[in-house]
Every structure is written in C-alpha cells, then in structure tokens.
Amino acid sequence: MFDANVGATTRVIDAAVAAGVGRVVYISTANTLGNTHGRVVDETFQRDLADGFLSYYDETKYRAHAAVIERIGAGAPVVIVQPGTVYGPNDHSAIGIQLEQAFRGTLPYRALEDVGVTPV
Numbered sequence: 465m466f467d468a469n470v471g472a473t474t475r476v477i478d479a480a481v482a483a484g485v486g487r488v489v490y491i492s493t494a495n496t497l498g499n500t501h502g503r504v505v506d507e508t509f510q511r512d513l514a515d516g517f518l519s520y521y522d523e524t525k526y527r528a529h530a531a532v533i534e535r536i537g538a539g540a541p542v543v544i545v546q547p548g549t550v551y552g553p554n555d556h557s558a559i560g561i562q563l564e565q566a567f568r569g570t571l572p573y574r575a576l577e578d579v580g581v582t583p584v
C-alpha cells in the first residue's frame with residue numbers, strides 16, 4: 465500500500481517534472497488534514513501527528529501528500545486539490561446511493577449550507 469500511494473505518486477510527479485510537463489494536478493484528500501477538532505481550516509493547517517492515523521491507508525495518503533508538497537517546494541509545477549467527497553454517475557458509494565435516492569424522491573434530503581459537496 466505504501467508503494468501504491470507514496471511510491472507511485474512520487475514516481476508520477478518526478479516523471480512529469482523530468483518530461484517538462486507544465487502543470488500536474490494532484491488529487492489528494494481532505495483526510496490528510498487529520499482531526500481538525502471541529503475547526504474550519506485551509507491549506508496552511510498542519511496536521512497534529514500526535515493524534516496518530518485512522519489506518520495505515522490514512523497514513524500513506526498523508527505521506528504521499530507530504531511528498532508532493534516537498535516536490536512543490538523544489539519547484540515542481542503541481543496544484544493540489546483535496547475533495548472531501550467525490551461522486552458521479554453510477555456511483556455505488558454510500559454518498560452516491562443517498563444522492564441517487566434523494567434525486568428519485570425516495571429519500572428526504574436536505575443539504576446544509578456548511579456541507580462541502582461538489583459534483584464531479
């Protein structure tokens with residue numbers, strides 16, 4: 465898992481830089497922020513590593529994100545996006561099923577103003 469999330473990410477970024485790619489869009493995850501203890505945060509927020517990780521997967525995603533930031537610091541032309549939830553057509557995830565049911569009218573649904581859901 466480490467190689468898939470961290471190794472592959474760094475290899476792709478490094479290859480793009482070596483090939484002279486003008487811009488790379490790295491799709492990370494809002495989970496790399498860790499526990500924000502209820503605060504609304506932005507990209508300057510630093511995760512408290514003393515809080516630990518939810519899983520090994522969570523840790524590898526954090527480490528991949530950190531590796532990309534390191535490469536940006538070295539001049540790599542990378543833009544990072546951190547969606548909280550991604551859904552789309554034929555999505556069988558919990559959020560995809562809920563949104564499909566809401567669309568069909570079989571599940572009452574009310575979106576709250578502070579929920580960041582963006583269709584992709």
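Under the working numbering, the letters of the sequence shown match residues 465 to 584, in that order. For every residue, glycine included, the Cβ atom is placed at its ideal position computed from N, Cα and C.
Can you tell me the Cβ-Cβ gap for S492 and I536, rounded? I've got them flagged as a contact below 8 Å. Taking the first residue of the sequence shown as position 1, residue 492 is located at position 28. Taking the first residue of the sequence shown as position 1, residue 536 is located at position 72. Actually they do not touch by this definition, with Cβ atoms about 12 Å apart.
Taking the alpha carbon of A494 as the point to measure from, which residue in V488, D506, R487 has its own alpha carbon closest? If you number the sequence shown from 1, residue 494 lands on position 30. Cα-wise, what sits closest to A494 is D506.
Under the DSSP definition of a beta bridge, which residues are partnered with I491? Numbered from 1 along the sequence shown, position 27 holds the residue referred to as residue 491. Note: I491 sits in a beta bridge opposite V545.
Assign G502 to one of three DSSP states: helix, strand, or coil. For this step, residue 502 is matched to residue 38 along the sequence shown. In this structure, G502 counts as coil in the three-state DSSP scheme.
Once DSSP output is grouped into helix, strand and coil, what is the label at E507? On the sequence shown, position 43 is the one that residue 507 refers to. DSSP places E507 in coil when its eight states are reduced to three.
Classify L518: buried if its beta carbon has 16 or more other beta carbons within 10 angstroms, exposed otherwise. As a first step, residue 518 is located in the sequence shown; it is residue number 54 there, counting from the start. Under this definition L518 is an exposed residue.
Three-state class that DSSP yields for V481 in the structure shown: On the sequence shown, position 17 is the one that residue 481 refers to. Here V481 carries a helix assignment [DSSP, helix/strand/coil].
CA nearest to the CA of Y422, picked from N469, R574, D512, P547: Missing from the structure shown is residue 422; the chain here goes from 465 to 584 and no further.
Just confirm the distance between the C-beta atoms of V550 and T473, as a whole number of angstroms; I'd bet it's less than 8 Å. Taking the first residue of the sequence shown as position 1, residue 550 is located at position 86. Taking the first residue of the sequence shown as position 1, residue 473 is located at position 9. The beta-carbon distance between V550 and T473, rounded to whole angstroms, is 17 Å. This is too long to meet the 8 Å contact definition.
Determine the contact status of T496 and R475, defining contact as a CB-CB distance below 8 Å. As a first step, residue 496 is located in the sequence shown; it is residue number 32 there, counting from the start. As a first step, residue 475 is located in the sequence shown; it is residue number 11 there, counting from the start. No, the Cβ-Cβ distance between T496 and R475 is not below 8 Å.
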